[in-house]
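Scroll down for the structure; my scribbles are underneath it.
There are 2 protein chains.
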Amino acid sequence: MAGRRGEGDEVVTASPKKTAEPPAETVADVRERARAIPEAAVARLAVYLRVLSGMAEQGVTTISSEELAGAAGVNSAKLRKDLSYVGSYGTRGVGYDVEVLVSHIERILGLTRKHSVAVVGIGNLGHALANYGGFPSRGFPVAALFDIDPDLTGVPVGGIPVHHIDDITSVCAEREVSIGVIATPPQAAQAVCDRLVSAGVQCILNFAPVVLQVPDYVEVRKVDLAVEMQILSFHVARRADEAAVDVVNGVGVDGVVIRP
Amino acid sequence: MAGRRGEGDEVVTASPKKTAEPPAETVADVRERARAIPEAAVARLAVYLRVLSGMAEQGVTTISSEELAGAAGVNSAKLRKDLSYVGSYGTRGVGYDVEVLVSHIERILGLTRKHSVAVVGIGNLGHALANYGGFPSRGFPVAALFDIDPDLTGVPVGGIPVHHIDDITSVCAEREVSIGVIATPPQAAQAVCDRLVSAGVQCILNFAPVVLQVPDYVEVRKVDLAVEMQILSFHVARRADEAAVDVVNGVGVDGVVIRP
DNA sequence: CCGACTTTGTGCATACGTTCACAAGCGGTA
DNA sequence: TACCGCTTGTGAACGTATGCACAAAGTCGG
């Protein structure tokens, strides 16, 4: 991983010598590069993509790393490094062509394909997700909804029919679901997850406050509101402690314990 | 940051020599330790806390790092290191006392205080958040709801009255709101954020798909569904590419370009 | 056509986080 | 009391991510 300058490697690409002019991008190159992108960079790429889309809508055609970095809230060197994972599509002295960059990031993120989504658990959150317009418009059509409550099945939510969870395997297969969203109560989450996995879903977005156990080949992302709140709480407390120490430093301390 | 063994430092603690027996934890110690906890570890501590609470409810009184790590989905060395940031509250040869650990983690995360929450934007997501029971029960009472739509103000949601966003400063001050949740459309998010900040809120949880610009002293966490989906999409694509390369390796390739 | 200026792409140094491996410490047992 | 086995707590090695700083590479004006 340390050294991958474009030189002595690329051994695999043997065969005839017809394309001998520029580097010429092979599918192996793309694969190799995609493998090497750090997860943190992937998350940022998604952010850049959104910023760039906004720029494009406003008629901006070219943008420098400095500008884009500012809009995305990161340092420009990091941004350039992130973009270099995607490939070298900038023009020195000028910047990046917005459209070009958008299409290359979309390609790397796999957004050239549609990814059908299934949402399991039609409670408050499930409703919100089903009605959320941001998914379909960005290439993630919600293809199916599931719940365990028979009273809910059949009645469409946000225009999408609700199936009983027992039908998850057949419906997921039929609709080619590639991403499963778990919006159930915590008690049900692991069971739902197991069903999704056995239905062939390999990517899961989990809103339930539990740690899901899955096989290695399944990718899980979790969105945990309680954890987010507690992280914020930690920062509130840290600030308060700092303030307390500041105050106290002007007064003199010693064995003062913990917290009143 | 490298060396902070419990030995030659701790210079500040001068004054009388009354508590001269054990190390005796000073408020400065706690502050210092809290400062040193990596963000990633804080997030995991919140997860451990939830697992431990579950354990406690099931009557478990003692747990080893191995067991807890398994339940939390991390490696046990990492778990022990994370817990060591909190302090040394385990017993060698035995494990950790669940109750003790819970209370210490709660203290570090600042959960001994209530943190009032304000939710801005009463759309699908705002409704879901207002009705979500997980917040109040974990020490994060939703103290206020805000929206810009006059038709919504006054009508309670989930038992909580909705205020007009123009009243945000006074209401936040009165209710001592310490955490603001932004659940508005993206166009409104920055303006809402600015208002929250000028109302004195220093911690923000942002659900809107925009990069918020805030002063340094404000802590922002973002929950971005589109980004999460795109990260998953990336993994789908990566898998597909790997499969493609595998297939193709059995056939022989060269200058094959990008993607059909 | 050339030289000055701008901005990218990246080698290198640093900081951070993770993992390993083991000594220190504790409870149980004889 | 002395030993033994188990589990913690942590130094040290490793790997990954971040940020700096600059050469390379392009544009633009003259």
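These protein sequences, in sequence, are chains A and B. Okay, so the first sequence: first residue is 1 according to my numbering, each after it adds one. Okay, so the second sequence: first residue is 261 according to my numbering, each after it adds one. Don't be surprised by glycine CBs; every beta carbon is placed ideally from N, CA and C.
- At a C-beta separation below 8 Å, Leu371(B) has these neighbours in chain A: Gln230, Ser233.
- Annotation for His424(B): no alpha helix (DSSP H) segment contains it, though the beta strand (DSSP E) segment containing it runs 422–424.
- Listed as beta-bridge partners of Phe146(A) by DSSP are Val120(A), His163(A).
- Out of Asp149(A), Val171(A), Ala144(A), the CA that lies nearest to the CA of Gly158(A) is found in Ala144(A).
- Counting along the chain, the unbroken alpha helix (DSSP H) around Leu343(B) starts and ends at 336–346.
- Annotation: the continuous alpha helix (DSSP H) that includes Tyr308(B) extends over 299–317.
- The three-state reading of DSSP puts Gly440(B) in strand, counting E and B together.
- Segment contact: the segment 223–241 of chain A against the segment 477–484 of chain B, three or more CB-CB distances shorter than 8 Å; contact assigned.
- Proximity of Cys203(A) to chain B, defined by a Cβ-Cβ separation below 7 Å, is satisfied.
- For Arg50(A), the closest C-alpha among the options Leu68(A), Ser64(A), Ala36(A) is that of Leu68(A).
- Inter-residue distance for Val98(A) and Val142(A) is about 29 Å (C-alpha atoms, whole angstroms).
- When the five nearest sequence neighbours on each side are left out, the beta carbons in the same chain lying within less than 8 Å of the beta carbon of Ala443(B) are those of Val379, Val380, Gly381, Ile382, Gly383, Leu385, Gly386, Leu389, Phe467, Ala468, in order along the chain.
- By the rule that beta-carbons nearer than 7 Å mark a contact, Ser178(A) touches chain B.
- Look at Glu66(A): its C-beta is not under 7 Å from any C-beta on chain B.
- Rounded to the nearest angstrom, the gap between the Cα atoms of Val474(B) and Thr169(A) is 45 Å.
- In the DSSP annotation of this structure, Asp97(A) is not part of any alpha helix (DSSP H); the continuous beta strand (DSSP E) holding it starts and ends at 95–97.
- Listed in chain order, the positions of the segment 205–219 of chain A with a beta carbon within less than 9 Å of a beta carbon of chain B are Leu205, Pro209, Val210, Val211, Leu212, Gln213, Tyr217, Glu219.
- Taking CB atoms only, Leu343(B) has no neighbour in chain A less than 7 Å away.
- Thr61(A) sits in coil when the DSSP states are folded into three classes, being neither helix nor strand.
- Remark: C-beta atoms of Ile204(A) and Gly180(A) approach each other more closely than 7 Å.
- Residue burial is scored here from C-beta neighbours: Arg304(B) has at least 16 other C-beta atoms within 10 angstroms and is therefore classed as buried.
- Using a Cβ-Cβ cut-off of 7 Å, Gly87(A) is close to nothing in chain B; its nearest Cβ partner there is about 11 Å away.
- Restricting attention to Ser53(A), Val177(A), Glu242(A), Ala191(A), the CA atom closest to the CA of His104(A) is found in Ser53(A).
- With a 10 Å radius around the Cβ and a threshold of 16 neighbouring Cβ atoms, Gly319(B) comes out exposed.
- Within chain B, the residues whose beta carbon sits less than 9 Å from that of His127(A) are Asn384, His387, Ala388, listed in sequence order.
- With respect to Ala188(A), Gly394(B) sits apart: the two C-beta atoms are not nearer than 7 Å.
- As a beta-bridge residue in DSSP terms, Leu205(A) pairs with Val181(A), Arg221(A).
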